[in-house]
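Structure record follows, encoded as structure tokens.
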Amino acid sequence: FACQIDGEPRPFQDVQLTELVNGLDRPLKMISLPKSSSAQNNSKFLIVEQTGKIQLFDLRSNSFKTSLDLSDIVTDPDTNPEGGLLGLALHPKFPNVKRIFVNYTYGSKLKSRIAEFSINDDFMINRSSEKIILEIVQPYSNHNGGDIVFGPDGYLYAGFGDGGSAGDPQSNAQNLKVLLGKMLRLDIDSAQPYAIPPTNPFVNNADAKSEIFALGLRNPWRFSFDRVTGDLWAGDVGQNRLEEINIVKSGGNYGWRTMEANLCFKPSNNCNKEGLIAPITQYERSQGVSVTGGYVYRGRSMPSLVGTYVYGDFQSGNIWGLRYQDGKVISETLLLQSSSKISSFAEDLSGEIYVINHEGSILKFTQNSVSNQPESRFPYKLSETKCFTSLKPLVPVESAVKYEVNSPLWSDGAIKDRFAVFPKSDSSHKVVAYTESPWEFPNDSSFIKNFYLPQKVGNQIE
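Counting in the working numbering, the sequence shown runs from 66 upward without gaps.
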């Protein structure tokens, strides 16, 4: 009969990595470039090389062109493996606003610098246009963080580690008077070099830096916003036991150095956990030694991954996927074991995900062309469910029974239609209703709930 959902979604393991390009010099980040007046395609990317260059990569022609060269200024990663050109963000209103932002370390007395440059429609960056946004003195050579990302609110988010060494010897991560060990949020449009967003959590605290968005981070290495929910996901590199993933919220304290993930660090026992936010997930050193934050997959080519947060480990090459719902992880799976030194993930305009291999290559997540998994009949499209006779407008099958509930939940003003489709009625296919207990429905029953928001058309609400 119609509207019988059969099978299960294809499993997570039905993915692979396909190499797109190699020959890069220690790539750390890649951003997808929007269409502009002279670049009417979605195949262009900017790639950060830790040694100081930003390369313009055209996927269609498989060609490179240097967009910016700061190699004579940035820290040499041969002498400081955690220094160099570390972060890149394009103004969200490009090409109308031709500004790009980078994060790099430099100087004999090490500093982290966020700087702005102008960029043209051909994605060439004008080096002489540099404007310094923010500088932070680094007391040690490691834990520089360096990722910068624009949020859906239009503000620039910047992640910095605790200042380095081991064990946060200066207690920076819990000190609101310093910017180290923090996630910062800056308004780079309202003032020069920047303004403080009025909704920053410590803006009215005289004992805190108003740039701070969240604290208690050891070395946030790569973070991203879910393009659907707006959640800020971050990987935070552990000390010597645990690696962690956090959803970073305004004013949140993520525990370092009191905690390493969900374990006490200083003191090693009976630490005060009050007010500290536990990680979404964590893993031990047997699975990897340096977490790399990723993206929530919102592409279309791999339906089984939609809504899955994909992240990895720099040393082991392991790549995991987790699903998070109603404040908890509902599933977590090892997607694959790669041979890459995963320095970063990337997301293109369509929501497809890429892996940045620090050893010089870019790889793309693709559906496994030869899967060992059994074929699934699970429908991935409404048209494949056989539950509707029309999709525009949405009309359920004739056998669908419309019903209502006594206490419908509020859903941001959405109107909901509910239908049930039951197998052909006979003595073994009955609905049994109870006043105090859950109802019983025959096997192979299907239930449909359709949400739609009223829209104003002319002077009428439809």
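For each residue, glycine too, the CB sits at the ideal point set by N, CA and C. Small disclaimer: the values here were computed from a predicted structure and weren't measured.
Which value, in whole angstroms, describes the spacing of the CA atoms of residue i and residue j?
i	j	result
tryptophan 475	proline 519	14 Å
leucine 400	glycine 386	6 Å
leucine 370	lysine 174	45 Å
proline 344	glycine 300	10 Å
leucine 245	isoleucine 201	8 Å
proline 99	isoleucine 418	16 Å
glutamate 181	lysine 158	15 Å
glutamine 105	phenylalanine 410	In this predicted model, glutamine 105 has a pLDDT of only 46, less than 50, meaning its place in the structure is not dependable enough to derive any value.
alanine 260	asparagine 207	28 Å
proline 461	lysine 338	52 Å
lysine 331	arginine 322	6 Å
aspartate 291	methionine 248	17 Å
glycine 72	lysine 495	23 Å
glycine 172	valine 243	20 Å
tyrosine 42	glycine 353	Since the displayed the chain opens at 66 and closes at 527, residue 42 lies outside it and no answer follows.
serine 396	alanine 465	32 Å
arginine 388	threonine 398	9 Å
glycine 425	phenylalanine 166	23 Å
glycine 303	serine 355	7 Å
glutamate 531	alanine 256	Residue 531 cannot be examined here, being either before or after the span of the chain that is shown, 66 to 527.
Can a CB atom of chain D be found closer than 7 Å to the CB of residue i?
i	result
aspartate 123	Looking at the structure shown, chain D is missing, and only one protein chain is on hand.
Taking only three categories from DSSP, how would you classify residue i?
i	result
alanine 92	The sequence shown places proline at residue 92, rather than the alanine named in the question. Strand.
threonine 454	strand
serine 369	helix
valine 80	strand
leucine 447	helix
threonine 55	With the chain represented from 66 up to 527, any question about residue 55 goes unanswered, as that position is not in the structure.
proline 285	strand
isoleucine 138	coil
serine 236	coil
asparagine 530	Any property of residue 530 remains undetermined from this structure, which presents the chain solely from 66 to 527.
leucine 414	coil
glycine 117	coil
glutamate 73	coil
phenylalanine 188	coil
arginine 363	coil
glutamate 397	strand
phenylalanine 122	strand
tyrosine 319	coil
arginine 164	strand
valine 268	coil
aspartate 472	At residue 472 the sequence reads serine, which differs from the aspartate that was named. Serine 472 falls in the coil class under three-state DSSP.
phenylalanine 159	coil
glutamine 390	strand
Give a single yes or no on whether residue i has its beta carbon closer than 6 Å to a heavy atom of the ligand COA.
i	result
alanine 485	Ligands displayed in this structure: none; no statement on the ligand COA is therefore possible.
Thinking C-beta only, is residue j closer than 7 Å to residue i?
i	j	result
leucine 150	valine 162	no
glycine 152	aspartate 212	yes
serine 408	leucine 93	yes
serine 405	valine 394	no
tyrosine 499	arginine 483	no
glutamine 430	valine 214	Here the sequence assigns phenylalanine to residue 430, which means glutamine is not the residue at that position. Against a cut-off of 7 Å, the Cβ pair of valine 214 and phenylalanine 430 comes out as no contact.
valine 86	isoleucine 342	no
proline 160	aspartate 123	no
proline 204	glycine 226	no
phenylalanine 288	glycine 372	no
asparagine 327	glycine 210	no
lysine 451	alanine 67	yes
glutamine 115	phenylalanine 129	no
tyrosine 360	glutamate 412	yes
isoleucine 96	leucine 155	yes
phenylalanine 516	alanine 485	no
arginine 91	serine 108	no
glutamine 402	asparagine 422	no
Have a look at the DSSP bridge pairing and note the partners of residue i.
i	result
valine 247	Looking at the sequence shown, residue 247 is not valine but lysine. The partner list for lysine 247 (beta bridge, DSSP) reads Leu280.
aspartate 218	Aspartate 218 pairs with nothing; no bridge assigned.
alanine 256	DSSP lists no partner for alanine 256.
leucine 428	Glu84 and Val420
phenylalanine 484	Lys467 and Ile513
glutamine 529	Lying before the first or after the last residue shown, residue 529 is absent from the chain, which here runs from 66 to 527.
threonine 357	Gly377
tyrosine 169	Leu150 and Arg178
serine 409	Ile421
aspartate 301	Pro285 and Glu309
cysteine 329	Met324
glycine 224	Met248
Discussion item. Quick test of the definition: if touching needs 3 or more C-beta pairs under 8 Å, does the region 180-196 touch the region 213-222?
Written reply: no
Worksheet item: Is it a yes or a no for the region 277-289 touching the region 228-240, going by three-plus beta-carbon pairs under 8 Å?
Response: yes
Worksheet item: Any contact of the region 368-383 with the region 339-359, i.e. 3+ C-beta pairs under 8 Å?
Response: yes
Practice prompt. May I ask you to verify whether the region 314-321 touches the region 262-271, counting CB pairs closer than 8 Å and requiring at least 3?
Written response: yes
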